[in-house]
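Since the structure comes first, as structure tokens, the remarks are kept for the end.
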Amino acid sequence: MASSFRSQSLADLEDGRGEKMAAATVISVNTEKDSRPILGRRHASTSAGSAHQQSELKIDKDDDTINKVGNMFYKIQNSSIIVRYGLYILPVAAVLAIPLVISALKPELSAGNIKLLGLFVWIEIIWCSLWICKLVAHSLPFVFHAVAGLVSGGVRKYSQVLTALEVPVSLFLWTIVAFATIGVISTFDADPRPDGNWPETLRTVFKAGIIVAAIFLAEKTLIQIIAIDYHRKQYDEKITESKRLVRILDHLYDASRALFPEFSREFEDEDADIQGNTLADVRTTLAKRGVDTKLLNNLGRARDKATAAFGAMASDIAGKQMFSTTSAHAIVLEALESDRSSRALARRLWLSFVRVDSDVLYKQDLVDVLGPQHKDEADEIFAHLDKDGNGDVSLDEMIMLVVGAAQDRKNRTNSMQDISHAISVLDRLLSLVVLIAIGFIYAAFFSADFSKSSTQLWTTFTGLAFAIGGTVTEFLGCCIFLFVKHPYDVGDRVDITQVELIVVRISLMYTVFRRVDSDKVVQIPHNVANTLWIENVSRSKAMKERLTLNVAATTSIDDIEALRSELHKFVTSPEHKRDFQPEFDIELIGVGDMKQLELRVEIQHKSNFANESLRSHRRNKFMCELLASMRRVPIEPPGGSALPLGNPLNPYYSVSVSDDVAVAARAKHDDEVDEKRLFPKKTGVIDAITSALQSPVRDVAASVTGRRVSAQSGVEHLLRRSTDSRRTSHDRVPDARYYPRQS
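Numbering (UniProt numbering), first residue to last: 1 to 743.
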């Protein structure tokens with residue numbers, strides 16, 4: 001029964017009251033020791049339409065438990081408001097009526113010059129007015145909700161602020177009523193003397209109390225607006241999606257156990273893991289030692305059945321569902337508490353719906369089980385299960401979905417607890433400021449010398465403001481970063497200054513991270529993180545990755561298109577279409593230093609990179625295929641793929657030639673290179689001179705022509721001289737042969 005209580009306390013983790021639990025991470029996408037495919041266990045003729053009354057898709061709610069001692073208070077709390085307020089007001093009012101009757105019978109009783117009759121009448125009034133003000137404050141949210149609905153439906157959420165401010169609003173209204181009714185004290189006095197004017201002091205107290213209550217109400221209003229607006233903005237959508245997914249799992253589990261009863265031969269191990277969280281560690285330890293654990297499984301089943309029987313009796317008495325350990329919602333919530341039971345739940349659901357001759361789940365499988373009349377519900381359920389939209393759901397996808405949902409619930413609970421703690425710290429700090437303000441207010445009302453010393457006091461306060469100005473600025477910056485910007489939650493994978501981190505805990509002034517590469521714990525103050533670029537990977541949708549590689553400069557466009565085709569076949573193949581999107585691109589982004597080409601390969605995943613093991617698994621597959629595709633095309637690396645000189649398949653040869661042959665070979669090579677130029681160097685100069693000599697105006701510039709001819713002759717002379725000088729310098733080089741030519 002202790003296990004059922006624990007499951008009840010952690011049933012709805014969205015309320016932020018659950019205990020922090022160890023994070024469960026999907027460390028592998030392989031779920032079976034044997035090789036795939038894993039086939040389903042449902043026969044084609046099996047249907048749950050006749051054997052199972054389809055339940056409505058609704059969210060079950062768990063009620064708190066009570067005992068005999070609290071049964072009376074429970075009944076009072078759930079009774080009508082007239083009965084409850086009557087029990088609260090009448091006993092104390094009857095006690096206060098005793099001195100009222102005594103003072104009425106003895107009018108001579110007085111305090112100073114004020115008769116006690118008026119005092120006790122006033123006390124009776126403020127006691128009754130306290131509960132009247134509380135009743136007014138209690139009804140304000142309902143009035144605001146009804147009136148705001150006529151203006152805008154989005155404003156209705158702030159009615160929760162008035163619900164949380166019931167006590168501050170009651171105190172504020174009560175101080176106003178108490179101040180306004182102080183005159184009742186002197187009603188029964190004909191001519192009170194000044195020396196008995198203590199009601200004026202009481203009036204001053206409540207006058208200051210009105211201001212104090214207003215400040216207290218303003219502080220609590222600010223805290224509630226921050227809390228409600230923050231939770232609405234950050235968690236409302238996530239909580240709604242989580243409840244919707246849990247509701248779908250409830251519906252699927254009902255249909256699954258209608259096809260295959262609990263602890264049947266097909267799912268005996270899975271049901272033991274799903275409904276035996278409290279004994280899971282014990283059973284694992286005993287199983288490793290070869291001890292049979294069926295007895296522990298039966299004990300867990302007996303415990304749940306006894307709790308359910310007790311809950312049935314309690315439900316008949318209370319009129320509400322209590323201790324429902326056998327309901328689908330309670331079982332699913334219990335299974336989502338650990339990684340092992342979440343995997344078992346995913347396996348049971350998937351294997352129940354998939355046919356025996358298939359290794360994937362199709363939409364038609366859901367329609368066959370739920371019945372044609374629930375085709376719309378089957379479409380909605382399958383749309384949530386098929387996250388990648390490829391038309392089928394594998395066992396790995398189902399396990400990742402359920403385990404991810406369980407992890408998100410735990411992370412969200414931890415995040416809400418951390419934020420609630422930060423809000424409570426902020427509340428305490430602001431309450432300290434309010435307390436100081438209350439002291440100043442009462443001093444201003446009751447001290448005649450306070451106004452005279454206010455100048456010196458404000459001077460001291462100004463100096464103190466300069467002293468703690470940096471701390472106040474840091475505090476305000478942290479509050480804005482946490483409650484307004486809020487770039488991450490607990491469990492999110494973030495990148496800060498190119499460092500991969502996972503959020504562990506959030507406080508008011510700092511955040512604790514864990515590094516992905518080394519598991520080191522890092523603490524970053526919010527005022528520092530406020531100035532950095534924060535990339536939230538967990539909040540991102542499907543992400544893409546760019547890879548840059550250098551290839552040979554001789555690579556043609558046909559080779560690049562062939563590589564694109566090979567990689568496109570890879571990402572669209574049936575075994576990889578769950579991991580990558582069909583959109584694929586290869587781009588030539590540069591030519592480097594004219595010796596290589598720079599290619600950029602862009603691959604789009606079907607999920608983000610929050611799961612590091614899954615990301616690395618998919619990336620490894622793609623990198624191996626990229627290298628294999630480049631070898632199949634083939635695409636050569638920079639410099640070509642020829643064997644190195646000196647390799648046995650590419651030997652090194654040394655041939656001796658004469659100097660005349662070497663000079664002729666160099667000259668021939670220079671001529672061939674020059675001829676390949678768009679504007680050859682040698683031919684360009686001679687052609688320019690020749691065209692000048694053959695110009696139609698050569699008869700006009702006859703004198704100039706002679707200079708050009710002489711210039712041509714000078715150029716040829718310089719060329720011959722340069723060649724001769726190179727030959728002479730080459731002849732001066734010592735002969736490096738083993739047998740020198742001269743000798």
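Built from N, CA and C at the ideal position, the CB exists for glycine as well.
With a threshold of 16 other CB atoms inside 10 Å of the CB of residue i, please say whether the residue is buried or exposed.
i           : result
L351        : buried
D408        : buried
W533        : exposed
N650        : exposed
Y653        : exposed
K676        : exposed
F446        : exposed
S394        : buried
residue 767 : Limits of the chain in this structure are 1 at one end and 743 at the other, which puts residue 767 out of reach.
I274        : buried
A146        : exposed
T655        : One point to set straight first is that residue 655 is Val, not Thr, in the sequence displayed. It is exposed - the Cβ of V655 has fewer than 16 other Cβ atoms within 10 Å.
T201        : exposed
A258        : buried
R618        : buried
I102        : exposed
G592        : exposed
T555        : buried
G391        : exposed
Using the Cα positions of residue i and residue j, report the straight-line distance between them to the nearest angstrom.
i           : j    : result
G469        : S431 : 19 angstroms
E535        : P168 : 41 angstroms
F142        : S170 : 15 angstroms
residue 820 : K606 : The chain is shown only over 1 to 743; residue 820 falls outside these bounds and no answer can be derived.
V673        : L614 : 55 angstroms
residue 776 : S540 : Absent from the model: residue 776. The displayed extent of the chain is 1 to 743, so no value can be given.
R732        : A664 : Confidence at R732 is low in this model, with a pLDDT of 46, below 50, so its placement is unreliable and the value that follows should be read with caution. Those two C-alpha atoms are separated by around 19 angstroms.
G40         : E337 : 26 angstroms
D671        : F570 : 49 angstroms
W127        : I89  : 8 angstroms
C624        : P680 : 47 angstroms
K220        : A406 : 34 angstroms
R493        : P637 : 36 angstroms
N414        : W458 : 43 angstroms
R265        : L349 : 15 angstroms
I496        : H486 : 14 angstroms
V92         : A255 : 57 angstroms
E561        : V354 : 40 angstroms
K106        : L162 : 45 angstroms
I'd like the list of long-range same chain contacts for residue i, defined as Cβ closer than 7 angstroms, with 5 residues on each side in sequence excluded.
i    : result
P525 : M509 and Y510
F206 : T175, A178, F179 and I182
D427 : I223
D388 : R578 and K606
A111 : L119
Excluding the five sequence neighbours on either side, which residues of its own chain have a C-beta within less than 8 angstroms of the C-beta of residue i, listed in chain order?
i    : result
G590 : L597 and E598
D418 : V490, R505, I506 and S507
I226 : I423, L426 and F483
D660 : none
Leaving out five residues before and five after residue i in sequence, what residues of the same chain have Cβ atoms less than 6 angstroms from its Cβ?
i    : result
E500 : V516
A164 : Q224
A529 : none
V601 : L547 and I586
D250 : A328, H329 and V332
F481 : H526 and N530
Can you check whether the C-beta of residue i is within less than 8 angstroms of a C-beta belonging to chain B?
i    : result
P644 : Checking the listed chains, one finds no chain B in this structure; it contains a single protein chain.
Checklist entry - Three or more C-beta pairs closer than 8 angstroms, one from the region 548-555 and one from the region 507-518: is that the case here? => result no
Next on the checklist: With three or more beta-carbon pairs closer than 8 angstroms as the criterion, would you say the region 200-219 touches the region 427-439?
Outcome noted: yes
Checklist entry - What beta strand (DSSP E) runs, 3 residues minimum, are completely inside the region 462-537? => result 493-496, 499-506, 510-515, 521-525 and 534-536
Checklist entry - Counting pairs of beta carbons, one from the region 331-347 and one from the region 389-408, are three or more of them closer than 8 angstroms? => result yes
Checklist entry - Can you list, in chain order, the stretches of the alpha helix (DSSP H) that have 4 or more residues and sit fully within the region 616-684? => result 659-676
Next on the checklist: Ignoring anything shorter than 3 residues, give me the beta strand (DSSP E) runs that lie fully in the region 208-276, in order along the chain.
Outcome noted: none
Checklist entry - Are the region 579-586 and the region 350-368 in contact at 8 angstroms, needing three or more beta carbon pairs? => result no
Item to check | Stretch pair the region 556-576 + the region 624-641: three plus CB contacts closer than 8 angstroms | outcome: yes
Checklist entry - Taking contact to mean at least 3 C-beta pairs separated by less than 8 angstroms, is the region 466-480 in contact with the region 375-384? => result no
Checklist entry - In chain order, which continuous runs of the alpha helix (DSSP H) of length 4 or greater are located wholly inside the region 350-402? => result 363-370 and 375-385
Checklist entry - Pairing CB atoms from the region 226-238 with CB atoms from the region 326-333, are three or more of them under 8 angstroms? => result no
Checklist entry - Which runs of the alpha helix (DSSP H), 4 residues or longer, sit entirely within the region 105-165? => result 116-151 and 159-164
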